[in-house]
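All remarks here apply to the structure that follows.
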Amino acid sequence: MGIEELVKQLTLLFIAFGANFLSAFAGGGAGLVQLPALILIGLPFSTALATHKLASVALGLGAGLRHAQEKNLKNYLIILILGFGLPGVWLGARIALAIPSQLGTIILGFFTFGIGIYSIKSPDLGLNSQLIRISSFKFLIGGGGLFLIGILNGSLSSGTGLLVTLWLVRWFGLSYSQAVGYTLILVGLFWNGTGAFVLGVKGDIQWEWLPMLIVGSFLGGYAGAQVSISKGNQVVKGAFETLSLLMGASLLMRGML
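Put into structure tokens, the structure is as follows:
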């Protein structure tokens, strides 16, 4: 391996660790860092998206390993997130190449920036767990929201974990720390795995870059989850809001240029 290739591989490891550490700590957003970085290094959009999604499965494994030790996941929420979200991811991945990239980036930027503002304007939101009784109506509306977010996840990837985290906090009454656990395990592992499979069948994956991306994603996910669990809801809420505002602004600028 030459010096240039070694530097590239170490750069991929650093990018993957940093992006997935932030994602595991704040509850989403790995794609907002990792996906643009892969494009800037030289991959076309479709290849970067497929490669990022496959590597991000390691985020779900790393963070999931840490959160699973807490043993506080509810079966009905697992079924809801997977049952409604996975069909959306599959549909979104199927139409990924049909969405104008610039328009999608701008829309997602508004969404991401908006959820940060919404959380800031709701100072008590997500600081305590207030699990509510799930009626059939709330179940269907909650599932419908997850289905729509799944479509965004499959087609655009960047930042949709943040949407899932806020949706679980706002609609189902979870604390931020609890919601982050569901997002990292179920979105990171199963949603991204589904998207990676569909996109991998349709397009290319940069296999030479995957080992470093997977190692960085796994280690960053585990480390970020550890920090998220140990710091408590107030710190996680602040990290979520900061990352939402920064990444929302970044997406808007990228989409408008």
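Each residue of the sequence shown is one higher than the last, beginning at 0 in numbering that gives the first Met the number 0. Note that beta-carbon positions come from the ideal geometry of N, C-alpha and C, so glycine has one too.
Per-residue DSSP class, three states only, for residue i
i: residue 43; result: coil
i: residue 177; result: helix
i: residue 256; result: coil
i: residue 58; result: helix
i: residue 137; result: helix
i: residue 121; result: coil
i: residue 250; result: helix
i: residue 204; result: coil
i: residue 72; result: coil
The alpha helix (DSSP H) enclosing residue i, as first and last residue numbers
i: residue 209; result: 209-230
i: residue 8; result: 2-25
i: residue 171; result: 159-171
i: residue 187; result: Note, residue 187: premise wrong, no alpha helix (DSSP H); not H, not E.
i: residue 94; result: Careful: residue 94 lies outside any alpha helix (DSSP H) and carries neither H nor E.
Contact check, residue i vs residue j, beta carbons under 8 Å
i: residue 251; j: residue 108; result: yes
i: residue 23; j: residue 176; result: no
i: residue 18; j: residue 219; result: yes
i: residue 59; j: residue 183; result: yes
i: residue 61; j: residue 153; result: no
i: residue 242; j: residue 25; result: yes
i: residue 65; j: residue 197; result: no
i: residue 15; j: residue 216; result: yes
i: residue 208; j: residue 11; result: yes
i: residue 86; j: residue 138; result: no
i: residue 81; j: residue 189; result: yes
i: residue 173; j: residue 110; result: no
i: residue 160; j: residue 88; result: no
i: residue 286; j: residue 179; result: Nothing about residue 286 can be reported from this structure: the residues present for the chain run from 0 to 256 only.
i: residue 221; j: residue 76; result: no
i: residue 256; j: residue 112; result: no
i: residue 254; j: residue 8; result: no
Cβ distance (whole Å) where residue i is taken to contact residue j below 8 Å
i: residue 191; j: residue 55; result: 4 Å
i: residue 84; j: residue 148; result: 7 Å
i: residue 119; j: residue 240; result: 5 Å
i: residue 53; j: residue 204; result: 6 Å
i: residue 141; j: residue 79; result: 6 Å
i: residue 213; j: residue 57; result: 4 Å
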